[in-house]
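Numbering (this note's numbering), first residue to last: 9 to 689. Working notes for the structure below.
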């Protein structure tokens, strides 16, 4: 039983789940024994889930703030179906694949189960007892009709079929005798539904300006008073706990209260009210010093203050997400030390550092706006006490700044309801959709017309969500020509350029709508661009400057016998104008292949040093970039910061590439010698 994807390396072996033959228990109908089988334990050996429970708490496997439970509650009234679904889910969770496939991560199991439960909802609605009944043609036709009647999108149906296929593939293990041929999910989904995948919405420009503007204003106004706000948060909590002590002491003395029921139970709502009445200070007395500083913020009671702190938290999240385009899972890992500033060629760059998980976990860096520094600093102060009391599901990512104490009687927790908070933010500040906004929304979201008509309502607040930051940033970068697809690809940590293009859908069209072309200016720009490129190429071939990179080294060798196409400035200029010669540059190299390049060097610049297609050229200015990169990476690896094996390998290959470049330019450097750890076998 391969559970390597479920447990952390330091998880105690004695508390790992032992292999149990639940298939035999299931088919022999030994349900009492089956229900008592342990599904999950924590590090202390405490059982968090057993087979018989309607919901399996798998937090020790998931280690995430949400989606850490496998729920079968929907089938409580259909125990036979519920038991069968649990059996199938067990196989996925503990990788019982007869084909010895790689184990799914817990998030993959949770996601697959959520999609697969559509099958069991259909079976329950039609009083069918097993997935085996789908092998009957009449039942399968009903199932297809069920999918169409619910108007599921193609992708939704495709994932549902993928769950059925996974169940069929596990037949040799669970022995459910499912007589269903593997489904060609993509083709069948397209046959059953014309509803294509809908993109996340771009926020219309007016609303985007107002929402982001309000967030920045709230953050900047609160920042000078951040310590006073934090003190107010803590004093209100202490005041509440003191009130609770006073009330509990009165109860011990025998005083009766209205919240005490005759049967000995307590009315929690009335009990909370009574605590408030017994607090040593009225909340407004604690809040009063802050009201003198924030005169424009309505802070008349504890409820107003709680709402204001929630709005500040949301505003900081909007600032960090809106100007970086980070995913929700990446924003979640921001800590007080995530912001830093770097300077390159006289320009300041504001950067956020966090973890990305889409293509395997690793530390990454995102460019952001300067206001992110203020937002991070503000949240760091406001949550300082809360972070000490928060129980982080995964200690590797502790100290995240996005925590909140929703209930004073409970410890602070990681925030997981961001979409609800963002919608509430839009409602509280009146960011209402107008007819013009609705029309703009249709134009900006050509791949989301159904989503626009279903979710965007004129006269209602904008339906904001976390992923809109990413989509909106991509759209406006292309619309306003603030960046290229290549730069966005790097910012979004995409593997393929086509995914970045998907995020920018509608941006180029919007740019063209607002574009007024002045042919004279365009021609002048084309001339300048051609002349600049020609000068650069001519200098590379007809000077004695040092060059590195695969093509750069080839140029040096051929300078004594220059090919005809590079023989003179005029010949090069004509080739550039005709599109026969191109030269695209970045901070670390030039590329003569232009957009025919595989773009691997965008994310991993070391690939450009010894480019496989023989296209890279590195000049003296870019060599300085490699020199600086070498210094920063060597310093980082020597700092003692904990890094993974894959991260270390990634950094070392860049260091070696930098050393090759510096050697080509006779730059002094000390070769990096990684620490080797010797293990006795």
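Backbone N, C-alpha and C define an ideal beta-carbon position, used for all residues, glycine too.
Whole-number beta carbon distance between residue j and residue i, since they are thought to touch under 8 Å
| i | j | result |
| --- | --- | --- |
| residue 505 | residue 493 | 6 Å |
| residue 624 | residue 652 | Contact flag wrong, Cβ pair sits at about 28 Å. |
| residue 333 | residue 477 | 6 Å |
| residue 74 | residue 424 | 4 Å |
| residue 567 | residue 519 | Incorrect: roughly 42 Å between the Cβ atoms, too far for contact. |
| residue 180 | residue 386 | About 57 Å separates the two Cβ atoms, so there is no contact after all. |
| residue 45 | residue 28 | 5 Å |
| residue 286 | residue 254 | 5 Å |
| residue 297 | residue 236 | 7 Å |
| residue 382 | residue 210 | That belief does not hold up - the Cβ atoms of residue 382 and residue 210 are roughly 26 Å apart, past 8 Å. |
| residue 219 | residue 326 | 7 Å |
| residue 63 | residue 77 | 6 Å |
| residue 555 | residue 561 | 7 Å |
| residue 540 | residue 622 | Not confirmed; about 24 Å, so no contact. |
| residue 427 | residue 474 | 6 Å |
| residue 177 | residue 132 | Between residue 132 and residue 177 the Cβ distance is about 24 Å, and since that is not below 8 Å, they are no contact. |
Reduced DSSP secondary structure (H/G/I, E/B, other) of residue i
| i | result |
| --- | --- |
| residue 510 | helix |
| residue 499 | helix |
| residue 8 | What is shown of the chain runs 9 to 689, which leaves residue 8 out entirely. |
| residue 333 | coil |
| residue 736 | Lying before the first or after the last residue shown, residue 736 is absent from the chain, which here runs from 9 to 689. |
| residue 352 | strand |
| residue 441 | coil |
| residue 397 | helix |
| residue 308 | coil |
| residue 274 | strand |
| residue 245 | helix |
| residue 65 | strand |
| residue 268 | strand |
| residue 449 | helix |
| residue 23 | helix |
| residue 688 | Only weak support is given to the placement of residue 688: the predicted model assigns it a pLDDT of 42, under 50, and the question is left unresolved by the model. |
| residue 561 | helix |
| residue 593 | strand |
| residue 287 | coil |
| residue 328 | helix |
| residue 423 | coil |
| residue 361 | strand |
| residue 317 | helix |
| residue 598 | strand |
| residue 556 | strand |
| residue 127 | helix |
| residue 105 | coil |
| residue 412 | strand |
Residue interval of the alpha helix (DSSP H) (run including residue i)
| i | result |
| --- | --- |
| residue 78 | Careful: residue 78 lies outside any alpha helix (DSSP H), inside the beta strand (DSSP E) at 77-79. |
| residue 74 | It is not in any alpha helix (DSSP H) - residue 74 carries neither H nor E in the DSSP assignment. |
| residue 7 | Nothing can be reported for residue 7, as the shown portion of the chain is limited to 9 through 689. |
| residue 389 | 379-390 |
| residue 583 | 577-585 |
| residue 619 | It is not in any alpha helix (DSSP H) - residue 619 carries neither H nor E in the DSSP assignment. |
| residue 487 | 476-487 |
| residue 91 | 87-101 |
| residue 231 | Counting along the chain, residue 231 falls outside any alpha helix (DSSP H), and DSSP gives it neither H nor E. |
| residue 15 | No alpha helix (DSSP H) contains residue 15, which DSSP labels as neither H nor E. |
| residue 32 | 30-35 |
| residue 460 | 457-463 |
Residue span of the beta strand (DSSP E) that contains residue i, given as start and end
| i | result |
| --- | --- |
| residue 48 | 46-49 |
| residue 708 | Look at the range of the chain in this structure, 9 to 689, and you will see that residue 708 is not part of it. |
| residue 158 | Careful: residue 158 lies outside any beta strand (DSSP E) and carries neither H nor E. |
| residue 372 | 370-376 |
Beta carbon proximity, residue i to chain D, threshold 7 Å
| i | result |
| --- | --- |
| residue 246 | Among the chains of the structure shown, chain D does not appear; only one protein chain is present. |
- request: For the region 627-640 and the region 580-592, state whether three or more C-beta atom pairs, one from each stretch, are separated by less than 8 Å.
  value: no
Three or more C-beta pairs below 8 Å linking the region 148-166 and the region 112-120: no
task: Report the residue ranges of all alpha helix (DSSP H) runs contained in full by the region 154-222; include only those spanning at least 4 residues, in chain order.
output: 162-177, 179-182 and 193-200
query: Which residue spans inside the region 624-662 form an unbroken beta strand (DSSP E) run of at least 3?
result: none
- prompt: Using 8 Å as the Cβ pair cut-off and three pairs as the minimum, do the region 433-443 and the region 346-354 touch?
  reply: no
Three CB pairs or more closer than 8 Å across the region 354-363 and the region 494-501: no
- prompt: Quick check: the region 183-203 against the region 143-163, are there 3 or more CB pairs under 8 Å?
  reply: yes
task: May I ask you to verify whether the region 200-208 touches the region 456-473, counting CB pairs closer than 8 Å and requiring at least 3?
output: yes
message: Is it the case that the region 142-152 contacts the region 93-110, given that we only count it when at least three CB pairs across the two stretches are under 8 Å?
response: no
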